[in-house]
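Each residue of the sequence shown is one higher than the one before, counting from 1444 in the numbering used here. Using N, Cα and C, we set each Cβ at its ideal position, and we do this for glycine too. This one's a predicted model, so the numbers in the text were calculated from it and none came from an experiment. What follows is a single structure, written as C-alpha cells, with notes after it.
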Amino acid sequence: MTGKQTMSKGKVNALLGIVFGDEGKGKVVDVLAPQYDIVARFAGGPNAGHTIMFEGRKFVLRSIPSGIFYKDRLNVIGNGCVIAPDLFMQEAKELEQAGYDLKGRLHISLKAHLILPTHRVLDKAYEAAKGKNKVGTTGKGIGPTYSDKASRTGLRVGDILDRFEEKYARLKARHEQILSDLHYTEYDITEEEKVWLEGIRYMREYTLADTETELNKALAEGKNILAEGAQGTMLDIDHGTYPFVSSSNTVSGGVCTGLGVPPSSIGEVFGIFKAYSTRVGSGPFPVELFDDTGNKIREIGHEFGAVTGRNRRCGWLDLVALRYAIMINGVTQLFMMKGDVLDTFDTIRICVAYEKDGVRTETMPYDCEGWNPVYVDMPGWKADLTGMVSADQFPSRFSDYISYIEKEMGVPITIVSVGPDREQTISR
1444 MTGKQTMSKG KVNALLGIVF GDEGKGKVVD VLAPQYDIVA RFAGGPNAGH TIMFEGRKFV
1504 LRSIPSGIFY KDRLNVIGNG CVIAPDLFMQ EAKELEQAGY DLKGRLHISL KAHLILPTHR
1564 VLDKAYEAAK GKNKVGTTGK GIGPTYSDKA SRTGLRVGDI LDRFEEKYAR LKARHEQILS
1624 DLHYTEYDIT EEEKVWLEGI RYMREYTLAD TETELNKALA EGKNILAEGA QGTMLDIDHG
1684 TYPFVSSSNT VSGGVCTGLG VPPSSIGEVF GIFKAYSTRV GSGPFPVELF DDTGNKIREI
1744 GHEFGAVTGR NRRCGWLDLV ALRYAIMING VTQLFMMKGD VLDTFDTIRI CVAYEKDGVR
1804 TETMPYDCEG WNPVYVDMPG WKADLTGMVS ADQFPSRFSD YISYIEKEMG VPITIVSVGP
1864 DREQTISR
C-alpha cells in the first residue's frame, strides 16, 4: 500500500484514535510501519488492545507497539505509558512463541511507570466505592498508577535497577494502608505477585533506556517516527467526557509529553475513526442505539473489547465528536475503518448536531448528558466492500458517504478499511 501519507524525514507522525477508541489503530500502524524507522507508544497501558490480523493469524497487542512484526524496525514504549510487568511478559512471550524475537528491537523508557498488583486491587476498590457512579474501568490498575505518578509516589521502570525490593515494599505498604482505610480487605495477591515479580526479572532482559534521548537523536539523524496512540480523544483526561475518561493524554499533545519530543517535530496527524460509533464502559454517548440496528452493528462489526471482551455500545457516526477531535488534535488526514460493517443497511444515518431543551449545537458541549442527536439520512450502498482492492471500485453511494464526511470535516479521508486483514486497506 502506498497512499498519500506524507513522509517527512526527521518528523514524528502521530496516529490517533479520535473518538472513543477501538477504531483499529493496530491494523493501520501495522500497515504503515514499513514507512517508518521507529514505532513508539506514548500513552496508556494494557487496558488498550490493538488487534492485528494477517496471514490467517490474529494478534492482540496491549503494551507492545504494533510495529513489532517488522523485524528491522525499532519499537519504543515511551515514558507516558504504564506497564504491568506480568502482562508485558505474557504478551512478549506469546510473540516470541509466534516467531517474533523482541529483544534488541523493543526499548522501554526508564521513566515509564509500573503497575503493581495492589494498583489493580485499588482500581476495584475505588470503583466499588463509587456505587452507582462507576466510571467503568477495565480493572487493570491504570488509573491508580497514573494517580501515584501525579502524587509523586509511583515506581518507574528505572527503579527495577536500583534498590527495587525496598522501593516496592514501601509503595505496596502504602497501598495496603489505603485499602484498609477503605475497608477493602477481601483480596489475595500472593500468586499474582509471584508472576509479577517474575515479570520484573524478565523486563531486565530488555533495553531499558532514556528513550527520549534516543528518539531525539533519531530525529536529528533524519529518521522518521510513527507515534501510536491508545484509546481515543473523547477518553482524554483533559478533553474527553470527564469523568468517564482514561487517565492519560490521548491527544496529539500527548505525543510530546509521552515521548519527550518537541512540538516542532510533529509532522502529520492521522486521525482514525470508524464509519459508525462505538463506546465501551460508562459515560455519555448521544448517538447510542438501543434497538435492533445497534445490535446488528455490534454483531456484524464484532464489537467486543479486545482486552476486556465487554460489549461495545454502538451508534451512528457522530460528526459533533469527530469535528471536536479534529480541532483538538490538528488532524491532517483521516482514516476511516470498518466501512464494510454497514454494507447491508438500507439507510445510513449521520449525527450532524445535538439538541437539548430547544438548544441546538454543532460543537461539543461541556456536559454531553441529556443531548439528543440530530441526523441526516443517506441511502445505503448495499454492496459487499470486502473484496474491493481500489477506491475506483467503491459503489457511488459509499463514495458519497465518504465525500460528505470530508466536506463537513474539511479534512481528506486518505485510507479506507473494508475488512480486518491488513490487505483490506485501501488508499484514496
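Pull up the CB-CB distance for I1869 and S1842, whole angstroms please, since I reckon it's below 8 Å.
I1869 to S1842, Cβ: 12 Å. No contact.
Take P1560 and list the residues in its own chain whose beta-carbon comes closer than 7 Å to its own, dropping the five residues that flank it on each side.
I1632, E1635, E1636, W1639
With DSSP collapsed to three states, give me the class of S1689.
coil
Per-residue burial, S1846 [other beta carbons within 10 Å of its own, 16 or more giving buried]:
exposed
In the DSSP output, which residue or residues are listed as bridge partners for P1816?
Y1797
Who pairs with P1838 in a beta bridge, going by DSSP?
The partner list for P1838 (beta bridge, DSSP) is empty, contrary to what the question assumes.
Report the residue ranges of all alpha helix (DSSP H) runs contained in full by the stretch 1701-1759; include only those spanning at least 4 residues, in chain order.
1735-1744
Per-residue DSSP class, three states only, for V1462
coil
Status (buried if at least 16 other CB within 10 Å, exposed otherwise) for D1679
buried
What does the alpha-carbon distance come out to for the pair R1766 and A1796?
11 Å
Assuming A1483 and I1668 make a contact with CB atoms under 8 Å, what is their CB distance in whole Å?
6 Å
What is the DSSP secondary structure of R1500, counted as helix, strand or coil?
strand
Please report the residue range of the beta strand (DSSP E) in which F1531 lies.
Looking at the DSSP string, F1531 is not in any beta strand (DSSP E); the run it does join, the alpha helix (DSSP H), is 1528-1540.
For S1451, collect the residues of the same chain with a Cβ closer than 8 Å to its Cβ; drop the 5 residues on either side in sequence, then sort them by chain order.
Confidence is the limiting factor: at S1451 the pLDDT is only 47, short of 50, which leaves the residue's position unreliable, though a coordinate-based value still follows. Cβ neighbours of S1451 beyond the five flanking positions: N1667, G1710, E1711.
Under 7 Å between the Cβ atoms of A1764 and V1462?
yes
Tell me the residue span of the beta strand (DSSP E) that contains V1482.
1481-1484
Boundaries of the beta strand (DSSP E) in which N1518 is found, first to last residue
1517-1520
Check the DSSP bridge columns for D1761 and list the partner residues they point to.
C1794
For A1616, the first and last residue of its enclosing alpha helix (DSSP H):
1607-1624
Considering only C-alpha positions, which residue in the set I1848, Y1818, V1859 is nearest to D1835?
V1859
Top-ranked residue by Cα proximity to M1780, from G1464, N1456, T1700:
G1464
Between which two residues does the beta strand (DSSP E) containing A1652 stretch?
1650-1652
Would you mind giving the Cβ-Cβ distance between G1523 and G1701, rounded to the nearest angstrom? I have them listed as a contact below 8 Å.
2 Å
Three-state secondary structure (DSSP) at F1778?
strand
Decide if the stretch 1547-1563 is in contact with the stretch 1579-1595; the criterion is three or more beta carbon pairs, one per stretch, under 8 Å apart.
yes
Would you kindly work out how many angstroms separate the C-alpha atoms of N1772 and P1528, rounded to a whole number?
31 Å
Within its chain, find whatever has a CB closer than 8 Å to the CB of S1506; leave out the 5 residues flanking it on each side and keep chain order.
R1484, G1488, P1489, I1520, C1524, I1526, A1527, L1530, F1531, E1534
Could you tell me if V1802 is buried or exposed, where buried requires 16 or more neighbouring beta carbons within 10 angstroms of its beta carbon?
exposed
Boundaries of the beta strand (DSSP E) in which I1680 is found, first to last residue
Where I1680 is concerned, there is no enclosing beta strand (DSSP E), given that its DSSP letter is neither H nor E.
Terminal residues of the alpha helix (DSSP H) in which V1474 lies
1468-1475
Hey, quick one: how far does the beta strand (DSSP E) through A1670 stretch, first residue to last?
1668-1671
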